[in-house]
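To start, the structure itself, in structure tokens.
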Amino acid sequence: MNKRYKSSNGITLVALVVTIVVLLILAGVSLNLLLGENGIISRAGDAARDTNNSTLKEQVDLAITSSSMQDNYQYNKDNAKTEIEKITGVTVTDNGDGTLIVTKDGITVNVDENGNTTIQGQTGESGGSGGGETPIPTDTESYIGYYADMDGNGTVDGIIYADLAHDKSGIWNNDSFSHYEYTAKTNLKSYYISKTGHSQKWGTGTETITADVITPIKGTTGNDRFYVMALEDFKQEPYNYFYWYYNAYGKLDRTVATGYNDFGQGKINTINMLNDWNNTVKYGEQTTSESGKLYIDLWGAIQDNQYSLVQNENDSVKWFIPSKAEWSAFGDYLYNSLNIDTNNYVNFGLSDWYWSSSQYGTSGAFRAYFGNGYVSYSDVIYGNAVRLGATF
């Protein structure tokens, strides 16, 4: 009896210690499962947010479908806006470019010009399953060829043709006039992939180009990383072509040599020429729509449009006339990455000639010539198309 009693006391003590340890471990595991970064409570909150996001998007999609029934199943932005506004508690903003922004309880759904919807901040053509703003790297991949949503409103603004996180040089179509180069910058802004697999046609083109979309992270600061070209020509009805500056013929004095690399000068060129055209003292009177001319000066036309034009060198998300080297970089990207050349450029919404902001001699300016695939020049009294560029 004594032996059994002593043995029983020993086993009970060890069992008690083991039990306490196991309970402590289980408690720690349970707390982590419940409260951890990827715990039950966190995932429940994520699920609730995803449900709210999906619910609003579904409501917007239903409103768009309902509105399209009024137009023989064709999307009409104004009718869609009217139907979406019937959703309780929503605010609908018309961007003026064919797109809408729908917000409710901190959730934003973007509606593009074709009626497609995307939950802001999520990836994928229909909102995707992801989310968050994971910064893209600066030291590995180049993002030339990605689409750009420069102001984060869910609308594609242009195509990226230069990435200043990396050094680059090249020659468009092996033409000596068409050289460009740029060196990598530091202290760049941060960006993320806001949409994957976005497809659209450029301007009046018939071909569709698919690429992911890059957007700056909200609140980011630093140097602009990307150069962007608009996806369509600038037009001012009834004008599709424009003089560079008709009365500046024979008076230009900011000329650059044909072999000079002026990449990065498009902004300052545009600022200077907007000032010169507006005061008329340096180069002469403006040629405007009231003059009865076949064309009008581009520097006046681009001030009367939906684009926000650059005002100083530090402006971001502001449009300007690209320099000759910037056009060369764009042309080189088209040739080498998209196989867009003299045989098929029209299929991608490109015109024969585009003005640059770079002066050639006292009477001309450089231009991008897609009909032959290089940079050339033209007197400022002739008409060429206009397309704007930007940095962000």
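Under numbering that gives the first Met the number 0, the residues of the sequence shown are numbered 0 to 391, in order. Using N, Cα and C, we set each Cβ at its ideal position, and we do this for glycine too.
In three-state terms, what does DSSP make of residue i?
i: Leu333; result: helix
i: Gly299; result: helix
i: Asn338; result: coil
i: Val17; result: helix
i: Leu273; result: helix
i: Leu293; result: coil
i: Gln58; result: helix
i: Trp354; result: strand
i: Ala364; result: strand
i: Ala328; result: helix
i: Val280; result: coil
i: Thr220; result: coil
i: Lys184; result: coil
i: Trp201; result: coil
i: Asn78; result: helix
i: Val212; result: strand
i: Trp243; result: coil
i: Tyr344; result: helix
i: Thr11; result: helix
i: Asn383; result: strand
i: Ser177; result: helix
i: Gly153; result: coil
i: Thr254; result: strand
i: Ser141; result: coil
i: Thr64; result: helix
Residue j and residue i - do their beta-carbons sit closer together than 9 Å?
i: Phe233; j: Tyr306; result: yes
i: Tyr160; j: Phe329; result: yes
i: Val385; j: Ala300; result: yes
i: Ser67; j: Ile83; result: no
i: Lys250; j: Thr219; result: no
i: Arg224; j: Asp162; result: yes
i: Ile118; j: Lys76; result: no
i: Ile143; j: Tyr332; result: yes
i: Lys292; j: Tyr245; result: yes
i: Asp174; j: Gly388; result: no
i: Thr98; j: Thr64; result: no
i: Leu337; j: Gly204; result: no
i: Ile339; j: Val227; result: no
i: Asn278; j: Trp298; result: no
i: Thr182; j: Asp166; result: yes
i: Ser356; j: Met272; result: yes
Might you give, ordered along the chain, the residues of its own chain that have their beta carbon closer than 8 Å to the beta carbon of residue i, omitting 5 neighbours on each side?
i: Leu12; result: none
i: Thr209; result: Gly196, His197, Ser198
i: Leu61; result: none
i: Ala46; result: Unreliable placement is indicated for Ala46, whose pLDDT of 47 sits below 50; the coordinate value is still reported in the next sentence. Taken in chain order, the list of residues that qualify is empty.
i: Asp96; result: Glu112, Thr154, Gln305
i: Asp93; result: Lys76, Lys80, Leu99
Leaving aside the five residues before and after residue i along the sequence, list all residues of the same chain whose C-beta is less than 7 Å from its C-beta, in chain order.
i: Val309; result: Lys266, Thr269, Ile270, Lys317, Trp318, Phe319
i: Ile260; result: Before going further, note that residue 260 is Asn rather than Ile in the sequence given. Excluding sequence neighbours, Asn260 sits near His178, Tyr179, Glu180, Ala324.
i: Thr137; result: Ala164, Leu187
i: Glu206; result: Lys200, Asn346, Phe347
i: Val91; result: Lys80, Ile83, Glu84, Leu99, Val101
Beta-carbon within less than 6 Å of residue i's beta-carbon, same chain only, minus the 5 sequence neighbours each way: which residues are those?
i: Gln264; result: Ser322
i: Gly123; result: With a pLDDT of only 41 at Gly123, under 50, the local geometry of the prediction cannot be trusted, and no value is derived from it.
i: Ser327; result: Trp171, Ser177, Tyr179, Val374
i: Asn294; result: Asn is not the amino acid found at residue 294; the sequence shown has Tyr there. Contacts found: Tyr240, Phe241, Tyr242, Gly382.
i: Gly151; result: Thr214
i: Tyr190; result: Ile135, Ile213, Pro215
i: Gln358; result: Leu251, Arg253, Thr254, Ala364
i: Glu411; result: Residue 411 is absent from the structure shown; the chain starts at 0 and stops at 391.
i: Gln58; result: Ile86
For residue i, which of the options has the nearest alpha-carbon?
i: Ala79; options: Ser193, Thr116, Thr107; result: Thr116
i: Asn113; options: Gln199, Phe176, Glu82, Phe225; result: Gln199
i: Ser193; options: Trp201, Gly204, Lys217; result: Lys217
i: Thr361; options: Thr207, Val379, Ser355; result: Val379
i: Ala229; options: Asn338, Gly372, Phe347; result: Phe347
i: Gly105; options: Val89, Gly97, Asp93, Gly95; result: Val89
i: Trp201; options: Ser355, Ser377, Val345, Ser357; result: Val345
i: Tyr74; options: Asn304, Lys103, Asp111, Gln235; result: Asp111
i: Asp303; options: Ile100, Ser288, Gly258, Val101; result: Ser288
i: Tyr238; options: Gly258, Asp296, Glu284; result: Asp296
i: Asn109; options: Ser141, Thr139, Tyr334, Asp148; result: Asp148
i: Tyr376; options: Val21, Ala256, Asp211; result: Ala256
i: Tyr146; options: Tyr334, Glu140, Asp156; result: Asp156
i: Asn222; options: Val20, Thr102, Glu312, Leu22; result: Glu312
Measuring from the CB of residue i, is there a heavy atom of the ligand FMN at a distance below 8 Å?
i: Gly283; result: For the structure depicted, the ligand FMN is absent and the ligand set is empty, with no information on it obtainable.
Look up residue i in the DSSP assignment and give the residues it is bridged to.
i: Met228; result: Ile158, Gly388
i: Asn109; result: Ile100, Thr117
i: Trp318; result: Leu308, Ala389
i: Tyr376; result: Phe365
i: Phe233; result: Val385
i: Tyr238; result: Gln235
i: Lys167; result: Tyr181
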